[in-house]
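What follows is a single structure, written as structure tokens, with notes after it.
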Amino acid sequence: MESPQGLELDYNSVMRSEAENKVTEEKTGTESTGQPANRNVRNQEAVKEASRDITIPPGHDAARTTEIPEKQKASQSTTMKSLLAVPTTEQTPSPTLESKKADISLNSQPWISTSLTFTLSKNKKNWKPQSSNALQNSLLAGVGFLELANAADFAANVWNEIPVPTFAAVLMGIGGVFAITISFFAFHDIILARRNYKVLIKERRILKTREESKERNTYLSVNFRELGTEIVDRIGMDAFLGFGAVMVGVGTLLAIGGANPRVHYASNLLSGYIGNTPVALFGIFNAFWSIFVVARAQRHRHHARKSLTSADEKEVLNLLRKRTRKVQSHATIMGSIGLISGGGSLATSENWEGYAVLIPCIILSAYCNWIWRKKVGYSRALCDPTSSPITDMEKEALMEEISINAALLKSCRGFKGISILENLVEEPESMASILEFLVRYDLFTSFCARVLKDVTLKKRVLEPTLEGQTEVVISPADFLLLGGKACFLALKDVADEVVKKGIKEKLMYRQRFLLEALGCLLVVERRMSKKQERNGTEKGK
Numbered sequence: 011m012e013s014p015q016g017l018e019l020d021y022n023s024v025m026r027s028e029a030e031n032k033v034t035e036e037k038t039g040t041e042s043t044g045q046p047a048n049r050n051v052r053n054q055e056a057v058k059e060a061s062r063d064i065t066i067p068p069g070h071d072a073a074r075t076t077e078i079p080e081k082q083k084a085s086q087s088t089t090m091k092s093l094l095a096v097p098t099t100e101q102t103p104s105p106t107l108e109s110k111k112a113d114i115s116l117n118s119q120p121w122i123s124t125s126l127t128f129t130l131s132k133n134k135k136n137w138k139p140q141s142s143n144a145l146q147n148s149l150l151a152g153v154g155f156l157e158l159a160n161a162a163d164f165a166a167n168v169w170n171e172i173p174v175p176t177f178a179a180v181l182m183g184i185g186g187v188f189a190i191t192i193s194f195f196a197f198h199d200i201i202l203a204r205r206n207y208k209v210l211i212k213e214r215r216i217l218k219t220r221e222e223s224k225e226r227n228t229y230l231s232v233n234f235r236e237l238g239t240e241i242v243d244r245i246g247m248d249a250f251l252g253f254g255a256v257m258v259g260v261g262t263l264l265a266i267g268g269a270n271p272r273v274h275y276a277s278n279l280l281s282g283y284i285g286n287t288p289v290a291l292f293g294i295f296n297a298f299w300s301i302f303v304v305a306r307a308q309r310h311r312h313h314a315r316k317s318l319t320s321a322d323e324k325e326v327l328n329l330l331r332k333r334t335r336k337v338q339s340h341a342t343i344m345g346s347i348g349l350i351s352g353g354g355s356l357a358t359s360e361n362w363e364g365y366a367v368l369i370p371c372i373i374l375s376a377y378c379n380w381i382w383r384k385k386v387g388y389s390r391a392l393c394d395p396t397s398s399p400i401t402d403m404e405k406e407a408l409m410e411e412i413s414i415n416a417a418l419l420k421s422c423r424g425f426k427g428i429s430i431l432e433n434l435v436e437e438p439e440s441m442a443s444i445l446e447f448l449v450r451y452d453l454f455t456s457f458c459a460r461v462l463k464d465v466t467l468k469k470r471v472l473e474p475t476l477e478g479q480t481e482v483v484i485s486p487a488d489f490l491l492l493g494g495k496a497c498f499l500a501l502k503d504v505a506d507e508v509v510k511k512g513i514k515e516k517l518m519y520r521q522r523f524l525l526e527a528l529g530c531l532l533v534v535e536r537r538m539s540k541k542q543e544r545n546g547t548e549k550g551k
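Per our numbering, residue 11 is the first one in the sequence shown, and the count goes up by one each step.
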């Protein structure tokens, strides 16, 4: 790069030369036209005046700057010519919206690259998010009444006589319809559980391709328990008990026409052994799975007591202890219900006294369903080839995040009527900070859905891409490109509304997942240390 002193000197020389040429031209013209001789004096003064107008920047040593090698002078002269030349610039096209988004994604943190796809509904009025690649806590409440549905043949078995009493026929009709109705919940829950099963299998395949590490083994352990829950506690229970409910419902309805010997026989068969055998089979399978879950939770608590010993770790230890006890309680009750209700259902095929045993099973089944949905189950993002739901799978980092999550949960209470973002977001006046919070705690989908319902905001964010489209992709970059104080305040109000409505549930889900991961991590660390000790001993031999 040329020195500023050299450029200044060359520029001064050019200006002096131009002034001298101008004076010479004027002198020649004066002599030829016979003008007075004192014009020459004024011309010389003009040269001096032009020279004085050429100022040297402060700090430049004029004596020193004049001592410049010839090569450098030539270089400076060339540079000066290029500076004085008229530039011929090419008109570059203005950056498009997509290029701006790409620049933001490339030069920002990973959460910026989060993108969601929304599709236009059939009535072309609402935008709905496509099914996300995540584990969902989607257990249906109606599934908790499957035990009651399988006991809906009560009237058919107690008043198993001909002719059928009128009040008994009414009870049979109610029981049969109820059993078949509940079976629809079971079959719908199979569809929801199958979605979770597919995404968990996909995650497991991705994890299997990675090199063995503490993080990989921890995720695999979490994934195995989640897969088992979807297969046994949901798909298995829904399939066996749902099929049993259909058989019981049909058999109970047939019992109304029990005057016909064939119908009476078919009714007893369907509402008896065929309808109740699946319940007994599921009870056996579920008992083995429940034993595994209880033992696994016990290992988590045992290793936590050994590893988390300091005063700072006591809070996390207490949270993990509460979590494992809830998991054990749910698994113990579910395993017991399966065995007891299975035997009781078979007994009711011939003895109505078996229904007395089913009463506590019916109540506890509904309670376990509520416990899982509200206290144990969770939704979470899944691992993919480029990212993981937990950024740092280390004991200290996990405990710190659990503590922060617990503090956020406490701070969520008592903020009715005021902006919750002011208390939860680090920079509530920054759109980037708000968006990062929404993405981190899985609220970005709800935020986008709410924006798409607002006509004004929808036009501001997506108007260029909505023309004739039935599918649109939204990312945080779409909101970062928006300007204007009014637009920011409107988006902030939407974000505050979404956070108030869903942050507590999201924080609880994340805390359950983090505690599950911490328990698995402690067990994995112990196993890997034992393996290293074993390998070291073998090498020593």
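C-beta atoms are modelled at their ideal positions from N, C-alpha and C, and glycine is treated no differently.
Asked: For the beta strand (DSSP E) that F234 lies in, which residues bound it at each end?; Found: From DSSP, F234 is part of no beta strand (DSSP E) but of the alpha helix (DSSP H) over 224-238.
Asked: Between K212, I192, E526, G267, which lies nearest to G599 when the distance is taken from Cα to Cα?; Found: In this structure the chain extends from 11 to 551, so residue 599 is not present and cannot be described.
Asked: Could you say which of T466, M441, S485, Q479 lies nearest to C458 if we only look at CA atoms?; Found: S485
Asked: Which residue or residues does DSSP assign as beta-bridge partners of I484?; Found: L126
Asked: Roughly how many whole angstroms lie between the Cα atoms of K224 and T262?; Found: 55 Å
Asked: Answer yes or no: do V504 and R536 have a C-beta to C-beta separation smaller than 7 Å?; Found: no
Asked: Quick one: grab the DSSP three-state call for P399.; Found: coil
Asked: What do you get for G352, buried or exposed, if any count of 16 or more other CB atoms within 10 angstroms of its CB means buried?; Found: buried
Asked: For a test of the three-state rule: what should DSSP assign to L280, helix, strand or coil?; Found: helix
Asked: By DSSP's criteria, K218 is part of a beta bridge. Which residues make up the other side?; Found: Answer by DSSP bridge pairing: none, since K218 is not bridged.
Asked: Round the Cβ separation of K510 and I430 to the nearest angstrom and send it over; I've been treating them as touching at under 8 Å.; Found: 5 Å
Asked: Tell me whether the beta-carbon of V258 lies closer than 7 Å to the beta-carbon of S281.; Found: yes
Asked: Grouping DSSP H, G and I as helix and E and B as strand, with all else coil, what is R390?; Found: strand
Asked: For E411, count the other beta carbons within 10 Å of its own beta carbon; 16 or more makes it buried, fewer makes it exposed. Which is it?; Found: buried
Asked: Checking the sheet assignment: what are the DSSP bridge partners for W380?; Found: According to DSSP, W380 bridges with nothing at all.
Asked: Rank K541, C530, S539 by C-alpha distance to the C-alpha of S231 and give the top, closest one.; Found: C530
Asked: Could you tell me the boundaries of the beta strand (DSSP E) in which W552 lies?; Found: Coverage of the chain is limited to positions 11 through 551, which leaves residue 552 absent and any answer about it impossible.
Asked: Considering only residues of the same chain and omitting the five flanking positions on each side of I8, which have a CB-CB separation below 8 Å?; Found: Any property of residue 8 remains undetermined from this structure, which presents the chain solely from 11 to 551.
Asked: Per DSSP, L145 is paired with what?; Found: R390
Asked: By the three-class DSSP mapping on this structure, what secondary structure does S359 have?; Found: coil
Asked: Put L462 into one of helix, strand or coil per three-state DSSP.; Found: helix
Asked: Are P139 and T455 close, meaning C-beta to C-beta below 7 Å?; Found: yes
Asked: Any idea what DSSP makes of V435, helix, strand or coil?; Found: coil
Asked: What's the C-alpha gap between F292 and P438?; Found: 52 Å
Asked: Per DSSP, what kind of secondary structure is E171 in: helix, strand or coil?; Found: coil
Asked: A391 and L349: beta carbons closer than 7 Å?; Found: no
Asked: When we look at the beta-carbon of E272 and count the other beta-carbons within 10 Å, is it buried (16 or more) or exposed?; Found: The amino acid occupying residue 272 in the given sequence is Arg; Glu does not appear at that position. With fewer than 16 other Cβ atoms within 10 Å, it is exposed.
Asked: With a CB to CB cut of under 7 Å and the five nearest residues on each side skipped, what residues in its chain are close to E213?; Found: N233, L392, C393
Asked: Below 7 Å between beta carbons: does that hold for F197 and G252?; Found: yes
Asked: To the nearest angstrom, how far is the alpha carbon of S92 from that of S125?; Found: Caution applies to S92, whose pLDDT of 41 falls short of 50 and renders its modelled position unreliable; the value that the coordinates give is listed next. One C-alpha to the other measures close to 48 Å.
Asked: Can you name the start and end residues of the alpha helix (DSSP H) that N415 belongs to?; Found: 405-421
Asked: Using the three-state DSSP reduction, which class does Y9 fall into: helix, strand or coil?; Found: Residue numbering for the chain in the displayed model covers 11 to 551; residue 9 lies beyond these limits and cannot be assessed.
Asked: Span of the alpha helix (DSSP H) holding L251?; Found: 247-264
Asked: What does the Cβ neighbour count give for V33, buried or exposed, with the cut at 16 atoms within 10 Å?; Found: Below a pLDDT of 50, predicted positions are generally treated as unreliable, and V33, at 45, falls in that range; the measurement from the model is reported next regardless. Classification for V33: buried.
Asked: At what residues does the alpha helix (DSSP H) containing T287 begin and finish?; Found: 285-317
Asked: Does the distance from the C-beta atom of I343 to that of L158 stay below 7 Å?; Found: no
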